[in-house]
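S.K.: Numbering (our numbering), first residue to last: 438 to 624. Below is a structure I'd like to ask you about.
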Amino acid sequence: IYGSGHSEEVVGRAVKQLPSAKRPSIFTKFGLGADSDVRKQSASATEVQAECDGSLRRLGVERIDLYQLHWPAPQPIAETAAACAALLKAGKIRAIGVSNFHSDRLVDLIGLNEVTPAVNQVETHPCYQRGEEQALMRERGGVWNGATAVLVTTKGRKSGEKHTIAIIGKQVGDNFVIIASKGGHPQ
Numbered sequence: 438i439y440g441s442g443h444s445e446e447v448v449g450r451a452v453k454q455l456p457s458a459k460r461p462s463i464f465t466k467f468g469l470g471a472d473s474d475v476r477k478q479s480a481s482a483t484e485v486q487a488e489c490d491g492s493l494r495r496l497g498v499e500r501i502d503l504y505q506l507h508w509p510a511p512q513p514i515a516e517t518a519a520a521c522a523a524l525l526k527a528g529k530i531r532a533i534g535v536s537n538f539h540s541d542r543l544v545d546l547i548g549l550n551e552v553t554p555a556v557n558q559v560e561t562h563p564c565y566q567r568g569e570e571q572a573l574m575r576e577r578g579g580v581w582n583g584a585t586a587v588l589v590t591t592k593g594r595k596s597g598e599k600h601t602i603a604i605i606g607k608q609v610g611d612n613f614v615i616i617a618s619k620g621g622h623p624q
């Protein structure tokens, strides 16, 4: 969905070059529409199916390992959950995930779906731990994926990005990953 599908095309070309035994797990998101310049937050049954088919085509795969709803959508969650369950049954996706779901939305989704989301990716940091949502995901067998943006400012660059990242590493321990994404835009 990032870069109007461009990022999926780039990943698809890279995956195509790998032997099947080395194929990585494929994760992608849905629910923001096909054109990243015109954000349309929606996850109707028709749109979920169409976005999945488009992602499968761009990625050049038969199945997506984790298909993740980017934000809660305006449609009834039961409609989105049923569409995702149909994709699971059809073998087009292996697991359902969500992003930015608070505990009340998680309870609604889990209660209306045959499958607990495999992951809930949501803002989490030392000052915002979201214990209730983390506990709910653990109780239901899902994974909590805390995400936050790390901003390295111009001031931080003066002392070197490696230095800034080393400071962050000392504060959170050695077991951390920093991922920087430009959103897949060709520029």
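Using N, Cα and C, we set each Cβ at its ideal position, and we do this for glycine too. If you're wondering where the values come from, they're calculated on a predicted model, not measured in any experiment.
State buried or exposed for LYS477, treating a residue as buried only when at least 16 other CB atoms are found within 10 Å of its CB.
M.R.: It is exposed - the Cβ of LYS477 has fewer than 16 other Cβ atoms within 10 Å.
S.K.: Just the C-alpha distance for LEU627 and ALA487, rounded to the nearest angstrom, thanks.
M.R.: Since the displayed the chain opens at 438 and closes at 624, residue 627 lies outside it and no answer follows.
S.K.: Using only the alpha-carbon positions, how far apart do GLU445 and ARG567 sit?
M.R.: About 31 angstroms.
S.K.: Helix, strand or coil for GLN566 per DSSP?
M.R.: Coil.
S.K.: Would you say ALA523 and ALA480 are within 8 angstroms of each other, going by their C-beta atoms?
M.R.: For ALA523 and ALA480, no; Cβs fall outside 8 angstroms.
S.K.: Report back the beta-carbon spacing between ASN557 and GLY579 to the nearest angstrom; my notes put them in contact at under 8 angstroms.
M.R.: That belief holds up - the Cβ atoms of ASN557 and GLY579 are roughly 6 angstroms apart, short of 8 angstroms.
S.K.: Using a Cβ-Cβ cutoff of less than 8 angstroms, which residues in the same chain neighbour VAL475 once the five nearest sequence positions on both sides are dropped?
M.R.: Within the same chain, VAL475 has no close Cβ partners at all.
S.K.: By Cβ distance below 7 angstroms, which residues in the same chain neighbour ALA520 in space, the five residues on each side in sequence not counted?
M.R.: Excluding positions up to five away in sequence, the list reads ALA482, VAL485 and GLN486.
S.K.: Run through DSSP, which three-state label would GLU560 get?
M.R.: GLU560: strand per DSSP, three-state reduction.
S.K.: Cα separation between ILE530 and GLY491?
M.R.: Roughly 13 angstroms separates the two Cα atoms.
S.K.: Return yes when the Cβ of SER536 is within less than 8 angstroms of the Cβ of TRP508, no when it is not.
M.R.: In this structure, SER536 lies closer than 8 angstroms to TRP508 by Cβ.
S.K.: In the DSSP assignment, the beta strand (DSSP E) including LYS466 goes from what residue to what residue?
M.R.: Counting along the chain, the beta strand (DSSP E) containing LYS466 begins and ends at 464-467.
S.K.: Quick check on VAL475: does DSSP put it in helix, strand or coil?
M.R.: Coil.
S.K.: Which runs of the beta strand (DSSP E) at least 3 residues long sit entirely within the stretch 510-543? Give them in chain order.
M.R.: Whole beta strand (DSSP E) segments, 3+ residues: 533-536.
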